[in-house]
Structures are given as C-alpha cells and as structure tokens.
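Numbering (this note's numbering), first residue to last: 38 to 292. Here the structure comes first, spelled out in structure tokens, and everything after it is commentary.
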Amino acid sequence: VGKDVSLGLVGGTQHGPLSPNLQDKQFLQSDRYKKLVNKKQLMRYGSELMTHNITVAAFFRQPEERIISAYKDALHANGFAGTDFKNFVTKVRGARNGQCKIGNRIYLNPVQCFANYPGIAGCMSRMLTGQKCADALFHEAGLENVAEAVDIILNHLDFVGLTEDWNESICQFHRLFSGRSDSVTGQRVWDQPLQREFANVHKSKKATIGVEELDGFRDVADTVVYEAAKLKFERMVGNERCYKFMSWDEIERDL
Numbered sequence: 038v039g040k041d042v043s044l045g046l047v048g049g050t051q052h053g054p055l056s057p058n059l060q061d062k063q064f065l066q067s068d069r070y071k072k073l074v075n076k077k078q079l080m081r082y083g084s085e086l087m088t089h090n091i092t093v094a095a096f097f098r099q100p101e102e103r104i105i106s107a108y109k110d111a112l113h114a115n116g117f118a119g120t121d122f123k124n125f126v127t128k129v130r131g132a133r134n135g136q137c138k139i140g141n142r143i144y145l146n147p148v149q150c151f152a153n154y155p156g157i158a159g160c161m162s163r164m165l166t167g168q169k170c171a172d173a174l175f176h177e178a179g180l181e182n183v184a185e186a187v188d189i190i191l192n193h194l195d196f197v198g199l200t201e202d203w204n205e206s207i208c209q210f211h212r213l214f215s216g217r218s219d220s221v222t223g224q225r226v227w228d229q230p231l232q233r234e235f236a237n238v239h240k241s242k243k244a245t246i247g248v249e250e251l252d253g254f255r256d257v258a259d260t261v262v263y264e265a266a267k268l269k270f271e272r273m274v275g276n277e278r279c280y281k282f283m284s285w286d287e288i289e290r291d292l
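In structure tokens, the structure reads:
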C-alpha cells in the first residue's frame, strides 16, 4: 500500500469493530448508546471512518458459514466475558445428548445451540456499527444495527471482499491498492499477487461440519448485510475481474 493511503482493516485477528459515528445526534440519544456507555463498551477508537480521512477494507462471509466457522473456532464469541461466557459455554457444550433448550425451543445438536444462543447472530452487523461480535448487552440478533451497517457498506467502505470469492477479492485488492505510476504514461501499474495469497488448497483429514447441521437456521441481520456487501463488491469489480484460474500443476509450482 502506498504511503499516501491510510488503510484500516476491519476485523481480522484483532476482532476490531468500526467505532460508531459519535457525531450522530440520534445515536447519542439512543438506548444503545446509553447502554454501551454504561457497560463501558463504547468504541471510541479504531477505524473511525466517519470522522477521519481513512480508507477501510472489510471482508465478508456467507452468514451461516461464518456461524459454523465461529463454532469450530473454540466457540468464538468475542463480546461475551465472565459469567456471560461461562453460561454460554455451559449451554452449548454441557447439554445432555448434545441437545439444549433455549427459551421454549429444544435444539438437537451443539451447533444449533451455538447459532441460536441469544447474542450470537448478527455479528457482522454489530461490528460495522461499533459493537463486538457477540452481543452481551442486549442479547439480540443484530436487526437494530442493519440499516446503519448497510449504509456503511454501500457509502463508506472503500474496499469490500468476499470470502466466497476470495481469489478475485485478493486480486482486486492488489489492483486497487498496490502498484506504482508509470513514469512515461502516468498510468498505474500493479503486480499480480502471488498464488500463495489465494485460497488454501491443502487437503484436510478433519471432520467437517456443514450448514445443514443448523437445520434451516438463518442469521437474518447478517444475511441483509452480506447481500449489501455482494452488491458493493459487484459495483466495485464491474467488468474488471482480474483473477486468472490456475491449474493444480501451476498452483503446486508456484507454492
């Protein structure tokens, strides 16, 4: 990335959400703002794209696939802590015969228990609007964050990538943010990314868990957010698709 580009990465291993728009008077008067302040969880730092001249890049994943990935990542629920996290783990892992009861419903396996636990769904919508992935404050599904999250995606993010279109996303990242200006023509020249930056192609012997284990569960809030991200991605890419399909021999030769 050139020195003139101030780049903010949302999420990643730091689990860093965007901070909310602290100049929005309606937000400052909302119950969500008051509860965030009361619980000392108001994000006042990070990628404050509303108040700073910063370029923000974000990757999005199909919501139910993200739920499965979070479950497999040691019940990832950044936002739950202390008693909240202990109760959550007990509910998901401590159920008899793998079943659990949440409210008036019985779920048939730990993955369903995880997905349906209050505060798990809606991770992407929350992280775009100043909250952590798991909702320990309201134990809601992120629906109240959707409108703001969609606006941020469509009107404020400078780069959107899709996990399900990883290779094209990585290629587009290089096209948009790397390279240099040709001294003669003035046109921007960029290098193709290395193949090892693309999807991991090694074979795994680990047992896999598919979305079918969720028995029809849908993360409603994040589905809307993901559709907005796909729309933004297609607008961003247009006819400029750049990823070159490579054969297995080419991939192995380049690794």
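Built from N, CA and C at the ideal position, the CB exists for glycine as well.
Residue pairing of G119 in beta bridges, as defined by DSSP: absent, with no partner found.
Here L213 carries a helix assignment [DSSP, helix/strand/coil]. In summary, R130 is exposed, with fewer than 16 beta-carbon neighbours lying within 10 Å of its beta-carbon over all protein chains present.
For the pair K128 and Q209, the Cα-to-Cα distance works out to about 42 Å. A118 sits exposed, since fewer than 16 C-beta atoms from the chains shown fall within 10 Å of its C-beta. Judged by DSSP secondary structure, K169 falls outside any beta strand (DSSP E); it is assigned neither H nor E. In this structure, DSSP gives T245 a state outside helix and strand, which the three-state scheme calls coil. With 16 or more other Cβ atoms inside 10 Å of its own Cβ, Q168 counts as buried.
Taking S67 as the centre and dropping the five residues before and after it, the same chain places no C-beta closer than 6 Å to its C-beta. A173 sits close to G156, with the two beta carbons spaced by under 8 Å. If you look at R272, you'll find it isn't in any beta strand (DSSP E); it sits in the alpha helix (DSSP H) that goes 257-274.
According to the DSSP secondary-structure assignment, R69 is paired through a beta bridge with no residue. Secondary-structure assignment with DSSP links V197 through a beta bridge to A95. Within the segment 133-169, the runs of alpha helix (DSSP H) at least 4 residues long that lie entirely inside it are, in chain order, 147-153, 160-164. When the beta-carbon positions are compared, F196 and L213 come within less than 8 Å of each other.
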